[in-house]
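Okay, structure first, notes after.
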Amino acid sequence: MRDNAQSTTPAIKFERGQFVLYRDPEKFWTGQAGHTFVCRMDRVCLGDTYDLTPLPNGRPIYYANPDYMRLLPAVDAMRDIDTAPLNTDAAADDMTAAALAWLTQQHATANQRPELPAQRN
């Protein structure tokens with residue numbers, strides 16, 4: 005009899021420096037609290053495992069199984085900036101402080117006069 009079960013694991017090759025959501029399988033399956041948290045990918049190991057650093061700080065996780073990891077894409081972290089309604093006065097109320105700071109910086113840079121290169125004699 006053939007097993008038709010499909011894996012729910014997305015086909016992703018994780019890379020150093022990416023952020024992932026990691027679920028500690030031992031804590032999860034034994035019902036312990038604190039089993040799921042954000043980590044930074046530190047090293048790709050042999051055998052399709054990974055070394056992770058829990059954020060903001062925590063003990064390193066060595067040889068993490070990718071079946072218990074999900075990528076946290078930058079597009080999700082930046083969605084509030086990318087979709088911010090900039091045509092209303094109430095727009096700032098819906099944005100995070102980081103989004104406001106980024107937009108303020110972009111606005112200041114856009115309104116500066118471009119500097120001319122120094123003249124050569």
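Mapped onto the numbering used here, the consecutive letters of the sequence shown carry residue numbers 5 to 125.
Ideal placement from N, C-alpha and C gives every residue a C-beta, glycine not left out.
The model shown is predicted, which means the values in this text are computed figures rather than measured ones.
{"query": "Check whether the segment 43–58 and the segment 15–33 touch, using three or more Cβ-Cβ pairs below 8 Å as the test.", "result": "yes"}
{"query": "Could you tell me which of M73, C49, Y67, Y66 sits nearest to R27, measuring between CA atoms?", "result": "M73"}
{"query": "Can the beta-carbon of P64 be found less than 8 Å from the beta-carbon of T53?", "result": "no"}
{"query": "Name the DSSP bridge partner or partners of D55?", "result": "R47"}
{"query": "Give the straight-line distance between the Cα atoms of T29 and D86, rounded to the nearest whole angstrom.", "result": "A small correction: the amino acid at residue 29 is Pro; Thr does not occupy that position in the sequence shown. Going by the C-alpha atoms only, they are around 34 Å apart."}
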